[in-house]
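Okay, so here's the structure we're looking at.
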Amino acid sequence: MGSSGASVGAAVLSPPMISNLNGGYILSGVLAVLLAVHWYTSQNQIVSLREEVARRLQTADINNSEIKGIAKNVQEASKEIQAKVSVLEAKQTEAQGQQIALEQLYQDLSKSRDEWALAEIEQVLATASQQMQLAGNVQGALIALQNSDARLAKSEKAQFIAVRRAIAKDVEMLKALPQLDMTGLVLRLDSVIAQVDNIPLWSDEKPPVVATPPKAPLRVLPRVTKDKNAKSEVAADGRENTFAAQLQDRWQSFSTEMWGELKQLVRIRNVESPDALLLSPTQAYFAKENLKLRLLNARLALLSRNEGAFRSDMIAAQDLISKYFDVRTKQAQTAQALLKQIQSNNLSIEMPALTESLNSVRNFKVKP
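Here it is in structure tokens:
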């Protein structure tokens with residue numbers, strides 16, 4: 023305020039100077055005010071900046087602590103995850119090893135199973151081939167081939183196609199063979215064998231019972247009348263006639279009985295072997311058993327397709343029937359007809375071997 027008064031006094035004294043001074047003072051004052059305002063503002067900004075920096079530094083410290091905690095947690099979690107990953111990798115490696123081992127085991131088992139199946143099929147086909155060669159069992163061989171093909175079809179493996187093709191060829195070959203009803207022939211032979219005991223022998227025949235004709239009634243003598251004198255001659259003639267008639271009746275009855283007895287004692291038959299009429303019960307039993315044995319031998323020869331032995335036994339059986347059995351009976355005629363029908367069949371059919379199928383199976387087993 024003192025400076026202001028001096029300025030005013032000086033201005034009064036010198037107006038130009040006073041105006042210059044006033045302008046300078048005002049400018050200075052304005053500058054001072056501006057400087058003061060700027061300084062104040064700057065101080066406030068600096069304080070605010072410091073506070074902001076301090077606050078941010080504090081926040082940064084807090085965040086840094088949190089980040090360090092998070093980083094520590096992340097590091098620990100990373101270590102745990104890494105440990106778990108290591109465990110998982112170990113388990114994965116172990117699982118891969120087990121998977122490889124299982125695949126190898128499955129391949130070995132599959133290979134072994136195929137080898138077992140082929141070995142069984144080979145054995146079945148070899149047995150069927152032997153049975154067909156020895157006994158002519160074509161139906162059994164067909165069943166063996168079809169079962170083997172069905173078993174290979176279940177595996178659905180392409181490597182078995184060649185084996186199945188060979189089996190199909192053998193099946194067609196067996197189906198083309200002439201058919202022989204072996205079962206029917208055997209059943210007919212069994213029927214004849216079962217009826218042997220019911221076929222009568224020549225020695226079993228008994229003479230037929232001839233009915234004795236009724237005796238003629240004796241003639242009755244006429245009654246004698248009381249008038250003996252008047253009819254004596256008539257009575258004498260009647261007695262003579264009655265006695266002659268009775269004698270004739272008795273002779274006729276006696277001759278009829280004698281003729282019947284003679285017809286029963288003497289009979290004429292045409293028999294090939296006279297010994298057949300004189301068989302004892304024991305010999306009759308053995309005659310029937312011998313026929314059964316011949317037929318059983320023929321049955322075995324039929325099953326084994328031994329045509330020579332079969333025909334020899336059949337001829338011998340028919341000879342036995344003709345020699346010892348009553349061929350006039352229906353039982354003997356039926357047996358002879360059946361035997362002739364059985365004997366007319368041709369057994370000389372050449373049986374093939376299952377070479378195609380067996381070679382295919384064996385060649386497949388040899389492959390690595």
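Here the working numbering is used: the first residue of the sequence shown is 23, the next is one more, and so on. Using N, Cα and C, we set each Cβ at its ideal position, and we do this for glycine too. A quick note: this is a predicted structure, and the numbers were derived from the prediction, not measured.
CA-to-CA, the gap between Leu110 and Asp83 works out to about 39 Å. Using a 10 angstroms sphere on the CB of Leu376, the tally of other CB atoms reaches 16 or more, which defines it as buried.
Sequence-distant Cβ neighbours of Asp335 in its own chain, meaning closer than 8 Å and more than five residues away, are Arg316, Leu317, Asn319, Ala320, Ala323. Distance from Leu369 to Glu329 at the Cβ level is roughly 4 Å; contact confirmed, criterion being Cβ atoms closer than 8 Å.
The straight-line gap separating the alpha-carbon atoms of Arg173 and Ala359 is approximately 46 Å. Ranked by Cα distance from Leu207, the first of Ser326, Thr81, Leu196 is Ser326. Beta-carbon to beta-carbon, Leu361 and Val214 are separated by about 6 Å, close enough to satisfy the 8 Å threshold.
In the DSSP annotation of this structure, Asn368 is not part of any alpha helix (DSSP H), being labelled neither H nor E. Counting along the chain, Leu196 sits inside the alpha helix (DSSP H) bounded by residues 183-197. The stretch 116-128 makes no contact with the stretch 149-168: fewer than 3 CB pairs, one atom from each, lie closer than 8 Å. Leu301 and Ser225 do touch by the CB rule: their CB atoms are close to 4 Å apart, below 8 Å.
Note on Ser70: under 16 other CB atoms within 10 angstroms of its CB, so exposed under the neighbour-count rule. Close CB contacts of Gln340 within its chain, under the 7 Å cut and outside five residues either way in sequence, are with Gln358, Leu361 (chain order). The closest CA to that of Phe182, considering only Leu199, Asp136, Gln168, Ser366, is found on Asp136.
Straight through space, the alpha carbons of Thr356 and Gln363 are spaced by roughly 11 Å. With 16 or more neighbouring CB atoms inside 10 Å of its own CB, Ser382 falls in the buried class. Contact between Asp348 and Leu196 is absent: CB atoms are separated by about 45 Å, not below the 8 Å threshold. Secondary structure at Leu376: coil, using DSSP grouped into helix, strand and coil.
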